[in-house]
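Working notes, beginning with the structure itself.
Number of protein chains: 2
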Amino acid sequence: MKQAKRKKLESRGWKIGSTTDLLKLTAEEEAYIDLKLSLSESLKNRRQDKNMSQSELARLIQSSQSRIAKMEAGDPSVSMDLLVKSLLALGASKKDVAKAIAASSD
Amino acid sequence: MKQAKRKKLESRGWKIGSTTDLLKLTAEEEAYIDLKLSLSESLKNRRQDKNMSQSELARLIQSSQSRIAKMEAGDPSVSMDLLVKSLLALGASKKDVAKAIAASSD
DNA sequence: TGCTTATATGTCAGTTTTGACATATTATTA
DNA sequence: TAATAATATGTCAAAACTGACATATAAGCA
Chain P
0 MKQAKRKKLE SRGWKIGSTT DLLKLTAEEE AYIDLKLSLS ESLKNRRQDK
50 NMSQSELARL IQSSQSRIAK MEAGDPSVSM DLLVKSLLAL GASKKDVAKA
100 IAASSD
Chain G
0 MKQAKRKKLE SRGWKIGSTT DLLKLTAEEE AYIDLKLSLS ESLKNRRQDK
50 NMSQSELARL IQSSQSRIAK MEAGDPSVSM DLLVKSLLAL GASKKDVAKA
100 IAASSD
């Protein structure tokens with residue numbers, strides 16, 4: 000994994016292991032993170048396309064503005080379940096979700 | 000939603016609301032459940048294609064046989080995160096995951 | 001510039017998900 | 001048939017995730 004990418008992930012709060020095994024992020028771990036970041040991005044785009052504020056989306060899915068912010072920031076404390084439920088609440092179809100997931104993140 | 004399908008879901012342990020609003024499962028809720036069941040199925044197929052037992056898979060992902068069984072049974076206590084991580088551990092690519100998700104469940 | 005709205009970040013108690021365990025049920029094979 | 005392997009089901013303490021809140025920072029506009 001490239002140094003730049005690792006930095007990006009670490010800045011978002013992902014713990015990629017101790018300093019000694021920073022370079023050992025497995026392909027599966029990387030794919031999993033990629034996948035969540037793709038969902039994050041997709042969520043942000045969908046919300047903005049609807050001219051909706053984070054607070055409005057929070058109301059829609061009975062969550063809070065801060066959690067929406069964390070979702071869109073790719074915070075590791077957010078589950079895929081919540082990301083997907085949010086996308087669906089914004090009108091995404093299963094195929095839309097699939098497309099978001101298949102998209103490579105960089 | 001069809002009666003037969005609802006029964007199927009309820010038999011797996013999904014709580015689809017009280018008797019009065021059994022028919023009001025929203026499209027989003029339905030899509031979310033469908034999506035998880037598709038991942039379940041995909042996981043089971045992948046594992047079996049590799050001639051791997053649930054115990055072996057459990058070891059591989061540092062989980063337990065009982066949790067694998069729950070994943071494959073579509074138990075509502077299992078997160079999408081765990082399902083996806085497991086698929087990736089079995090060698091699925093992001094595209095494979097996307098395909099599983101896009102697949103309609105019945 | 002100040003004012004307002006939107007987004008980001010940190011914390012935390014309540015809830016959900018977790019691996020592990022015991023044990024039941026169902027194949028599979030001798 | 002018995003014995004063994006595989007899968008299913010129920011429970012629980014620990015770990016992870018959650019909405020909510022406070023508050024910081026940023027963006028837009030008068």
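Chains as they are written, first to last, in numbering that gives the first Met the number 0: chain P, 0 to 105; chain G, 0 to 105.
Think of the CB as a built atom: it goes at the ideal place given N, C-alpha and C, for glycine as much as any other residue.
Everything numeric in this text was worked out from a predicted model, so none of it was measured.
is_contact[residue i, chain P] using C-beta, thresh 8 angstroms
i              : result
residue 40(G)  : no
residue 48(G)  : no
residue 100(G) : yes
residue 34(G)  : yes
residue 20(G)  : Model confidence at residue 20(G) stands at a pLDDT of 44, short of 50, so the residue's coordinates are unreliable; what they give is reported in the following sentence. False, the Cβ-Cβ gap to chain P never drops below 8 angstroms.
Any chain G beta carbon closer than 8 angstroms to residue i
i             : result
residue 93(P) : yes
For residue i, three-class secondary structure by DSSP
i              : result
residue 49(G)  : coil
residue 80(G)  : helix
residue 95(G)  : helix
residue 33(G)  : helix
residue 20(P)  : At residue 20(P), the pLDDT of 44 sits below 50, so the modelled position is not reliable; the number obtained from the coordinates is stated separately. Looking at residue 20(P) - three-state DSSP - the assignment turns out to be helix.
residue 62(P)  : coil
residue 86(P)  : helix
residue 101(G) : helix
residue 72(G)  : coil
Inter-residue Cα distance where the pair is residue i and residue j
i             : j              : result
residue 64(P) : residue 81(P)  : 14 angstroms
residue 47(P) : residue 53(P)  : 9 angstroms
residue 94(P) : residue 100(G) : 7 angstroms
residue 42(P) : residue 71(P)  : 7 angstroms
residue 56(G) : residue 67(G)  : 8 angstroms
residue 62(P) : residue 74(G)  : 24 angstroms
residue 30(G) : residue 59(P)  : 17 angstroms
residue 77(P) : residue 13(G)  : 23 angstroms
residue 40(P) : residue 27(G)  : 20 angstroms
residue 98(P) : residue 34(P)  : 11 angstroms
residue 44(G) : residue 51(P)  : 40 angstroms
residue 36(G) : residue 102(P) : 22 angstroms
residue 49(P) : residue 25(P)  : 37 angstroms
residue 32(P) : residue 79(P)  : 10 angstroms
residue 38(G) : residue 69(P)  : 25 angstroms
residue 96(P) : residue 96(G)  : 11 angstroms
key: Proximal residues, the stretch 53–85 of chain G versus chain P, C-beta separation under 7 angstroms   = Answer in chain order: 78, 79, 80, 83, 84.
message = So, does the stretch 85–92 of chain G touch the stretch 87–98 of chain P, judging by three or more C-beta pairs under 8 angstroms?
response = No, the stretch 85–92 of chain G is not in contact with the stretch 87–98 of chain P.
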